[in-house]
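Q: Top line first, the protein sequences correspond to chains A and B.
6 is the number of the first residue of the first sequence in the working numbering; add one for each residue after it.
28 is the number of the first residue of the second sequence in the working numbering; add one for each residue after it.
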Amino acid sequence: MNTQELEKVLSWIRSTDLVEVSYKFAGKGFSVSSSQGSSPIPALPASRFTAVLSPGVGLFQWNEPGKARNAEEGASLRGGDLLGVVVSGQGRQIAVKSPADGRLARICVEAGAPVEFGQPLFFIEG
Amino acid sequence: MFKKVLIANRSEIAVRVVRACRELGIRSVAVYSEADRESLHVRLADEAVCIGPAPSKLSYLDMDAVLSAAKITGADAVHPGYGFLSENAEFSKACEDLGLVFIGPKPESIKKLGHKSTAKELARSAQVPVVPGTKGLIDDDFVKEAQSVGFPVMVKAAAGGGGKGLRLVRTPEELEAQVRLAQSEAQAAFNDGSVYIEKFIDRPRHVEIQIAADGHGQVIAFPERDCTIQRRHQKLIEESPSPAVQPETRRLMQEAAVRLARAAGYTNVGTVEFLLDPSGRFYFIEVNTRLQVEHPVTESVTGLDLVVAQILIASGEKLPFDQQRASEIRAHSIEHRINAEDPDRNFAPCPGRVDRLTLPGGAGVRVDTHLYSGYTVPSYYDSLLAKLIVWSSDRPAAIAKSLRALSEFEIDGLKTTIGLHRKVLGHPDFKSGSFDTHFIERLNHVQQPRSDSAAAAR
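#1: Pick from L71(B), A116(B), N36(B) and H142(B): whose alpha carbon is nearest that of A96(B)?
#2: Can you check DSSP and say which residues form a bridge with D395(B)?
#3: Between V32(B) and A102(B), what straight-line distance do the alpha-carbon atoms span, to the nearest angstrom?
#4: Are the C-beta atoms of A92(B) and some chain A residue less than 7 Å apart?
#5: Report the option in H359(B), G220(B) and D463(B) whose CA atom is closest to the CA atom of A209(B).
#6: Verify the CB distance criterion: does E121(A) have a CB-CB separation below 7 Å to chain B?
#7: Report all residues from its chain with a CB closer than 6 Å to the CB of V285(B); omit the five preceding and five following residues, and keep chain order.
#8: Looking at the structure shown, is T145(B) part of a helix, part of a strand, or coil, going by DSSP?
#9: Determine the contact status of V58(B) and I40(B), defining contact as a CB-CB distance below 7 Å.
#10: Does the separation of the CB atoms of V296(B) and A239(B) fall below 7 Å?
#11: Quick one: Cα of G379(B) to Cα of P405(B), how far?
#12: How many angstroms separate the CA atom of S144(B) from the CA atom of E78(A)?
#13: Would you be able to state if there are at least three C-beta pairs under 8 Å between the region 67-75 of chain B and the region 113-121 of chain B?
#14: Around the C-beta of G42(A), are 16 or more other C-beta atoms found within 10 angstroms, so that it is buried, or is it exposed?
#15: Tell me which residues share the same chain as L333(B) and place their Cβ nearer than 8 Å to its Cβ, disregarding the 5 neighbours each side in the sequence.
#16: Which chain B residues are close to R64(A), counting only those with a beta carbon under 9 Å from its beta carbon?
#17: Comparing alpha-carbon positions, which option in A51(A), G63(A) and I112(A) lies nearest I99(B)?
#18: For a cutoff of 7 Å on Cβ pairs, would you count G94(A) as touching chain B?
#19: Taking Cβ-Cβ distances below 8 Å as the criterion, which residues of the region 118-130 of chain B are in contact with chain A?
#20: Considering only their Cβ atoms, is the gap separating E114(B) from T316(B) smaller than 7 Å?
#21: Output, in sequence order along the chain, the residues in the region 58-78 of chain B whose CB is closer than 7 Å to any CB in chain A.
#22: Helix or strand or just coil, what does DSSP make of G42(A)?
#23: Pick helix, strand or coil for N471(B), following the three-state DSSP scheme.
#24: Whether or not the region 38-53 of chain B and the region 98-108 of chain A are in contact is what I'm after, with contact meaning three or more pairs of Cβ atoms, one per stretch, closer than 8 Å; do they touch?
#25: Just how far apart, CA to CA, sit M181(B) and E121(A)?
#26: Please identify the residue among R74(A), G94(A), V90(A) and K33(A) whose C-alpha is closest to the C-alpha of L58(A).
#27: Please confirm if the region 165-178 of chain B is in contact with the region 191-202 of chain B, defined as three or more CB-CB distances below 8 Å between the two stretches.
#28: Checking contacts by CB at 7 Å: is R97(A) closer than that to chain B?
#29: Can you name the residues that DSSP bridges to F129(B)?
#30: Specify the secondary structure class of G89(A) as computed by DSSP and reduced to three states.
#31: With a CB to CB cut of under 8 Å and the five nearest residues on each side skipped, what residues in its chain are close to L88(B)?
#32: Based on Cα-Cα distance, which residue from L398(B), L287(B) and I256(B) lies nearest to R16(B)?
#33: In chain order, what are the residue ranges of uninterrupted beta strand (DSSP E) at least 3 long that sit wholly in the region 353-393 of chain B?
#34: Span of the beta strand (DSSP E) holding A56(A)?
#35: In the DSSP assignment, what are the bridge partners of A105(A)?
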């Protein structure tokens with residue numbers, strides 16, 4: 006590969022957000038990486054999703070233990086809506102509430118599942 | 028024997044207990060706060076559960092969170108380490124109530140011995156010598172009581188520890204004000220403002236007896252640990268045997284400790300602390316109803332494992348050694364507590380990142396630590412970084428080994444007390460063995476720049 010050919014590859018890489026490209030064929034090839042600063046990685050846009058983290062340690066239960074789930078993925082929520090409870094070892098019930106208005110995008114927990122502090126239980130889109 | 032043990036602690040002691048569990052074939056569960064996600068005990072344990080945010084009140088001191096972690100992981104026992112919930116009778120009871128074995132004494136024993144004044148009463152009844160002082164907690168008529176004890180006196184918090192609520196009073200005139208101060212300090216620190224008065228022992232040494240008691244009636248006492256080198260009532264260096272204890276005194280202290288343990292119906296390991304005056308008289312001060320920071324000194328002297336003993340006792344087994352074996356002094360051992368503190372700035376804690384860690388090694392050298400290269404010491408907790416423990420055939424050889432090991436010990440990126448330890452060990456009074464609990468104050472006093480110029484400038 007000569008420099009003219011390589012220049013074509015480089016201009017193609019610049020047109021993308023790739024930071025590193027390696028190419029190998031029949032024992033020959035090249036590896037290029039964009040140096041920091043020349044093509045800065047754009048900051049990630051703020052996520053549309055808000056994680057609802059477990060406020061405690063214990064077993065997750067829906068609104069009332071034994072009851073079927075009281076929210077489905079896709080349901081619309083208001084901030085402060087009760088999503089479930091974490092039942093501690095000593096039987097204390099720690100409420101899990103929706104932090105904001107939005108759509109319940111993902112449920113990551115099942116009734117009776119053990120959860121630790123800070124574990125994502127739900128994702129809310131809004 | 029247990030299948031899975033939850034360790035309700037952090038730092039080097041959590042690492043220590045994980046290791047004992049692994050050697051016994053027991054699975055271990057670490058708990059951690061959000062500030063300890065990168066901690067070594069989390070990496071070494073078989074499982075780990077995040078129990079809360081950084082402040083210990085919301086994580087390591089949150090009984091319900093700790094117990095929940097034990098329940099969801101299916102642990103059958105809880106090792107409390109030292110500090111945090113280790114001397115909390117309510118926690119020991121809460122474990123029992125949830126069907127978990129607390130690896131420590133029963134709640135009743137913790138209650139009997141945990142409060143200093145009730146422990147002193149129990150000691151008196153077991154013919155264990157105590158420092159003369161007020162019979163119980165003081166309320167109003169304390170000046171007369173203090174006079175009958177004889178000045179100077181110490182005012183102490185009943186629920187105390189770590190120097191909080193502690194006041195030295197030299198004359199009757201100062202007494203009332205100092206008692207009030209101690210009461211409010213104790214109230215703030217322990218949520219218990221009760222204080223008592225006792226005689227001030229001049230030039231004391233702090234000597235303690237490790238005990239172990241199983242559920243089959245065997246109570247044994249180990250050789251003493253000398254914890255005289257302290258600063259601000261926190262132990263800095265511990266050694267065993269004590270250079271100030273004769274075999275006859277040792278025997279008397281051991282017998283007194285065993286009598287007290289029996290009187291309290293004590294099981295598991297614990298420590299009976301005494302003050303030793305220059306004439307060789309000793310006085311009971313308190314019992315620590317848990318594993319001590321300095322337990323490795325006793326392990327090095329006797330070649331026995333105290334954490335394994337704790338687990339065996341809690342699981343209902345007999346002690347794996349008898350009094351005769353536990354009395355064997357096989358080496359002289361010294362422990363250095365290395366803290367993230369700046370000795371030049373009055374031991375102000377200084378957490379930060381460990382850029383590079385070089386541990387000392389060789390025969391007779393042990394380091395108990397949770398540090399590794401690249402670890403950031405969080406600012407929320409105790410400043411203890413590592414314990415360096417050495418042992419050798421006799422005291423001079425142990426001191427030489429300590430100095431050698433300290434010179435190899437490098438914790439780049441943090442201010443530590445390593446230099447202070449070298450200074451202490453090089454001091455003639457430490458070498459001769461004749462020192463008291465004020466050794467560090469005097470050492471630092473000598474080191475400080477003279478204040479003449481400051482006084483002249485005013």
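Backbone N, C-alpha and C define an ideal beta-carbon position, used for all residues, glycine too.
A: Taking the structure as given:
#1: Within the second sequence, numbered from 1, the residue matching residue 96(B) stands at position 69. Measuring from the Cα of A96(B), the nearest candidate turns out to be N36(B).
#2: Locating residue 395(B) in the second sequence gives position 368, where the first residue counts as 1. Paired residues: K414(B).
#3: To locate residue 32(B), count along the second sequence from 1; it is residue 5. To locate residue 102(B), count along the second sequence from 1; it is residue 75. Going by the C-alpha atoms only, they are around 5 Å apart.
#4: Here residue 92(B) refers to the residue found at position 65 of the second sequence. For A92(B), at least one C-beta of chain A is nearer than 7 Å to its own C-beta.
#5: For the purposes of this step, residue 209(B) is taken as residue 182 along the second sequence, with counting starting at 1. Closest option to A209(B), Cα to Cα, is G220(B).
#6: Here residue 121(A) refers to the residue found at position 116 of the first sequence. Yes - at least one Cβ of chain B is within 7 Å of the one on E121(A).
#7: Within the second sequence, residue 285(B) is the residue found at index 258, counting from 1. Only V246 and A248 meet the Cβ criterion.
#8: Taking the second sequence and counting its residues from 1, one reaches residue 145(B) at position 118. Here T145(B) sits in helix by DSSP.
#9: Taking the second sequence and counting its residues from 1, the one referred to as residue 58(B) is at position 31. Taking the second sequence and counting its residues from 1, the one referred to as residue 40(B) is at position 13. The answer is no: Cβ separation not under 7 Å.
#10: Stepping through the second sequence from its first residue, residue 296(B) is reached at position 269. Stepping through the second sequence from its first residue, residue 239(B) is reached at position 212. Yes, they are a contact pair.
#11: Your numbering for residue 379(B) matches position 352 in the second sequence. Your numbering for residue 405(B) matches position 378 in the second sequence. Rounded to the nearest angstrom, the two C-alpha atoms are 7 Å apart.
#12: The residue given as residue 144(B) occupies position 117 in the second sequence. The residue given as residue 78(A) occupies position 73 in the first sequence. Distance between the alpha carbons of S144(B) and E78(A) is about 60 Å.
#13: no
#14: What you label residue 42(A) is simply residue 37 of the first sequence in a count that begins at 1. Unreliable positioning characterises G42(A) in this predicted model, as indicated by a pLDDT of 49, which lies under 50. The coordinate reading is nonetheless provided below. Label assigned to G42(A): exposed.
#15: Position 306 of the second sequence holds residue 333(B). Excluding positions up to five away in sequence, the list reads Q237, A239, V296, L318, H322, T325 and E326.
#16: As a position in the first sequence, residue 64(A) is number 59, starting the count at 1. First, the residue type needs correcting, since residue 64(A) is Leu and not Arg in the sequence shown. Here the neighbours are S95, K98 and I99.
#17: On the second sequence, position 72 is the one that residue 99(B) refers to. The candidate whose alpha carbon is nearest that of I99(B) is G63(A).
#18: Translated into the one-based positions of the first sequence, residue 94(A) becomes position 89. Yes, because at least one Cβ of chain B sits closer than 7 Å to the Cβ of G94(A).
#19: A121 and L125
#20: If you number the second sequence from 1, residue 316(B) lands on position 289. If you number the second sequence from 1, residue 114(B) lands on position 87. Against a cut-off of 7 Å, the Cβ pair of E114(B) and T316(B) comes out as a contact.
#21: If the cut-off is 7 Å between Cβ atoms, the region 58-78 of chain B has E61, V76, C77 and I78 near chain A.
#22: Numbered from its first residue, the first sequence carries residue 42(A) at position 37. In this prediction, G42(A) has a pLDDT of 49, which is less than 50 and means its spatial position is unreliable; what the coordinates show is noted afterwards. G42(A): coil per DSSP, three-state reduction.
#23: By one-based count along the second sequence, residue 471(B) stands at place 444. If DSSP states are grouped into helix, strand and coil, N471(B) belongs with the helices.
#24: no
#25: Your numbering for residue 181(B) matches position 154 in the second sequence. Your numbering for residue 121(A) matches position 116 in the first sequence. Near 46 Å, if we compare the C-alpha coordinates of E121(A) and M181(B).
#26: In the first sequence, counting from the first residue as 1, residue 58(A) sits at position 53. Per the Cα distances, V90(A).
#27: Yes, since at least three Cβ pairs between the region 165-178 of chain B and the region 191-202 of chain B fall closer than 8 Å, the two stretches touch.
#28: Here residue 97(A) refers to the residue found at position 92 of the first sequence. For R97(A), the nearest beta carbon of chain B is closer than 7 Å to its own beta carbon.
#29: In the second sequence, the residue the question calls residue 129(B) occupies position 102. V105(B), per the DSSP bridge assignment.
#30: Taking the first residue of the first sequence as position 1, residue 89(A) is located at position 84. Reduced to three states, the DSSP call for G89(A) is strand.
#31: Here residue 88(B) corresponds to residue number 61 of the second sequence, with the count starting at 1. Closer than 8 Å at the Cβ level, and outside the excluded window around L88(B), lie F111 and L112.
#32: There is simply no residue 16(B) to check, as chain B begins at 28 and stops at 485 in what is shown.
#33: 359-366 and 383-385
#34: The residue labelled residue 56(A) in the question sits at position 51 within the first sequence. Its beta strand (DSSP E) spans residues F54 to L58.
#35: On the first sequence, residue 105(A) is found 100 positions in, with the first residue counted as 1. Bridge partners of A105(A): none, in fact.
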